[in-house]
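Participant:
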């Protein structure tokens, strides 16, 4: 089954404790992206990657890091989480040549206290 | 002015009603337009996309684009309780794959 998986699905952590949210896709997609979704603000792009070892900032990259060492994986790293990073996070992927047909993961709900 | 404006609702309709969801945008560089559906506690899923002005129909769903007015719509005919979800419009220039989303409209279809 074609899918994007994220782990963990739910995470409660404390300020300053480094964490990683994993994202993996099995569709051989070149493009991957991370979004955060907040009430009243909608979906905002954090980082995206056009291919292995190619990453770029989205609209709200501050406080986040990403890496793309393998085509299927695109982890999101919060080196020193803060309460304003409490949010619902989505990973998405898309084939090159796609014009918006992104496949989203199930989401990771992060709470930073 | 935000690039994409979408009324967040909520919108509540009886089963069988025709639903109209709308977005306006300010950037004429947007060329490709999409509607995503997001059920509660799920990720968004692509519902429809179009790249030209006019209508595109898929079953009970019709996507409409008016580039001259910078206005896009999604119509749902014979709405069902299973259509209850948040609907997000999205658009892209097509050159760098960045999608710009509306904030989403929460729709509830009551049996």
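Chains as they are written, first to last, in the working numbering: chain X, 1 to 113; chain H, 1001 to 1111.
Think of the CB as a built atom: it goes at the ideal place given N, C-alpha and C, for glycine as much as any other residue.
Whole angstroms is fine: what's the gap from residue 81 of chain X's alpha carbon to residue 64 of chain X's?
Facilitator: The straight-line gap from Cα to Cα measures roughly 9 Å.
Participant: Determine the burial state of residue 27 of chain X: buried for a count of at least 16 other Cβ atoms within 10 Å of its Cβ, exposed for fewer.
Facilitator: It is exposed - the Cβ of residue 27 of chain X has fewer than 16 other Cβ atoms within 10 Å.
Participant: Who does residue 31 of chain X pair with in a DSSP beta bridge?
Facilitator: Residue 31 of chain X pairs with X:94.
Participant: What is the rounded straight-line gap between the Cα of residue 1087 of chain H and the Cα of residue 1037 of chain H?
Facilitator: Residue 1087 of chain H and residue 1037 of chain H: Cα-Cα distance of roughly 5 Å.
Participant: Are the stretch 10-22 of chain X and the stretch 53-61 of chain X in contact at 8 Å, needing three or more beta carbon pairs?
Facilitator: Result no; under three Cβ-Cβ pairs closer than 8 Å.
Participant: Quick check: does the Cβ of residue 1071 of chain H come within less than 7 Å of any heavy atom belonging to the ligand GDP?
Facilitator: Only the bare structure without any ligand can be found here, which leaves the ligand GDP out of the picture.
Participant: Starting from residue 1085 of chain H, follow its DSSP beta bridges and name the residues at the other end.
Facilitator: H:1107.
Participant: Which of the three DSSP states is assigned to residue 73 of chain X in this structure?
Facilitator: Reduced to three states, the DSSP call for residue 73 of chain X is strand.
Participant: Is the distance from the Cβ of residue 1019 of chain H to the Cβ of residue 1072 of chain H below 8 Å?
Facilitator: Going by C-beta atoms, residue 1019 of chain H is not nearer than 8 Å to residue 1072 of chain H.
Participant: Can you name the residues that DSSP bridges to residue 36 of chain X?
Facilitator: DSSP, once it has assigned bridges, lists X:44, X:89 as partnering residue 36 of chain X.
Participant: Within this structure, are the beta carbons of residue 1017 of chain H and residue 1035 of chain H separated by less than 8 Å?
Facilitator: No, Cβ-Cβ distance for residue 1017 of chain H and residue 1035 of chain H is not below 8 Å.
Participant: Tell me, please, whether the stretch 87-95 of chain X touches the stretch 28-37 of chain X by the rule of three or more beta-carbon pairs shorter than 8 Å.
Facilitator: Short answer: they touch.
Participant: Beta carbon of residue 1112 of chain H, beta carbon of residue 97 of chain X: below 8 Å?
Facilitator: Limits of chain H in this structure are 1001 at one end and 1111 at the other, which puts residue 1112 of chain H out of reach.
Participant: Decide if residue 2 of chain X is buried, meaning its Cβ has at least 16 other Cβ atoms within 10 Å, or exposed.
Facilitator: It counts as exposed.
Participant: Quick one: which chain X residues come within Cβ less than 9 Å of residue 1045 of chain H?
Facilitator: Those within 9 Å of residue 1045 of chain H in chain X are 103, 104.
Participant: So residue 25 of chain X is in the beta strand (DSSP E); what residue range does that whole segment cover?
Facilitator: Run containing residue 25 of chain X: 19-25, per the beta strand (DSSP E) assignment.
Participant: Can you list, in chain order, the residues of the stretch 1069-1092 of chain H whose Cβ is nearer than 9 Å to any Cβ on chain X?
Facilitator: Within the stretch 1069-1092 of chain H, the qualifying residues are 1088, 1090, 1091, 1092.
Participant: State yes or no: is the beta carbon of residue 3 of chain X nearer than 8 Å to at least one beta carbon in chain H?
Facilitator: No, because no Cβ of chain H sits closer than 8 Å to the Cβ of residue 3 of chain X.
Participant: Taking residue 1039 of chain H as part of the beta strand (DSSP E), name the residues at either end of that continuous run.
Facilitator: Premise fails: residue 1039 of chain H is in no beta strand (DSSP E) and is neither H nor E.
Participant: Identify every residue that forms a DSSP beta bridge with residue 84 of chain X.
Facilitator: DSSP, once it has assigned bridges, lists no residue as partnering residue 84 of chain X.
Participant: Which complete beta strand (DSSP E) runs does the stretch 1001-1057 of chain H hold, if anything under 3 residues is left out?
Facilitator: Complete beta strand (DSSP E) runs here, min 3: 1004-1006, 1011-1014, 1019-1025, 1032-1038, 1045-1050.
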